[in-house]
Amino acid sequence: MHRSTDRILTTHVGSLPRSQAVVDVLFARQRAEAGAAANACVQAPGEGEAVIAAAVAEVVRRQVALGIDVVSDGEMSKISYATYVARRLSGFAGDTPREPGQDLVEFPGLLRKLAERGSTAKYRRPRCVGPIAVKDTGPLEADLHNLRAAVREAAAAEAFMNAASPGVVALFQPNDFYRTQDDYLTALAGALQSEYEAIVAAGILLQIDAPDLAMGRHTMYRNQPLE
2 MHRSTDRILT
12 THVGSLPRSQ
22 AVVDVLFARQ
32 RAEAGAAANA
42 CVQAPGEGEA
52 VIAAAVAEVV
62 RRQVALGIDV
72 VSDGEMSKIS
82 YATYVARRLS
92 GFAGDTPREP
102 GQDLVEFPGL
112 LRKLAERGST
122 AKYRRPRCVG
132 PIAVKDTGPL
142 EADLHNLRAA
152 VREAAAAEAF
162 MNAASPGVVA
172 LFQPNDFYRT
182 QDDYLTALAG
192 ALQSEYEAIV
202 AAGILLQIDA
212 PDLAMGRHTM
222 YRNQPLE
């Protein structure tokens, strides 16, 4: 890990804007995984992967050009920073209704206007309906390959990769299977451990995204006491 010795090294939090081509690939994958017919133009063998790889290379080049020292892949391959795990872990299916925040519940007029404007995310949030386990390491391996290749090409000083915390996965993808929430979190932690370790083993800094305590307080936990 590089240190700020001669100057303060620059970085950012991880997720960066996706091009429409990348967005099309991500939603086509989601439709295919849900059993719907996907758009053939972005689901041709290898084409979606090539779009993502090119996007990672470009976003890393842009970060280096802007003076970012510790770059990321911008989470190009992930439809969201928490629900992406459904492609990698077993036990998820279906969708979860959006839970508006307490700040919006208190202002129903604003909540209604946001809904009318289409300001809510359209991606699925699968629920936990079965045992959590590692299902497919391919997406992670592709992410690691794409980022390392982009770092070499752009001569970036260092790179980091985001990974979801057990808590934020549980926040967006509720438990319908495990007896308790603690059991669910324990299962998630065990399954996600291999992802964390693989990122570190690849020589990439690991950033665990864990905004669940702050985010969950005004959504799924808003009616619970503070104690």
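The numbering used here applies: residue 2 is where the sequence shown begins, and numbers increase by one. Note that beta-carbon positions come from the ideal geometry of N, C-alpha and C, so glycine has one too. Bear in mind the structure is a predicted one, so any value in this text is a computation, not a measurement.
- The DSSP-derived three-state label of Asp-96 is coil.
- Annotated three-state conformation of Pro-132 is strand, per DSSP.
- Leaving aside the five residues that flank Arg-128 on each side, the residues in its chain whose CB is nearer than 8 Å to its CB run, in chain order, Phe-93, Ala-94, Gly-95, Asp-96, Thr-97, Gln-174, Pro-175, Asn-176 and Asp-177.
- In the DSSP assignment, Asp-210 falls within the beta strand (DSSP E) that extends over 206–210.
- Under the three-state reduction of DSSP, Phe-161 is assigned to strand.
- Around the CB of Tyr-124, fewer than 16 other CB atoms lie within 10 Å, so the residue is classed as exposed.
- Two segments are said to touch when three or more pairs of C-beta atoms, one from each, lie closer than 8 Å; by this definition the region 106–119 does not touch the region 187–199.
- In the three-state DSSP reduction, Val-152 falls in the helix class (H, G or I).
- Within the region 64–117, the complete alpha helix (DSSP H) runs of at least 4 residues fall at 103–106 and 109–117.
- At the C-beta level, Ala-143 and Glu-50 come within 8 Å of one another.
- A straight-line Cα-Cα distance of about 34 Å links Tyr-179 and His-146.
- Taking 8 Å as the cut-off, the beta carbon of Thr-6 is found no closer than this to the beta carbon of Val-71.
- Only exposed fits Val-14, as fewer than 16 other CB atoms lie within 10 angstroms of its CB.
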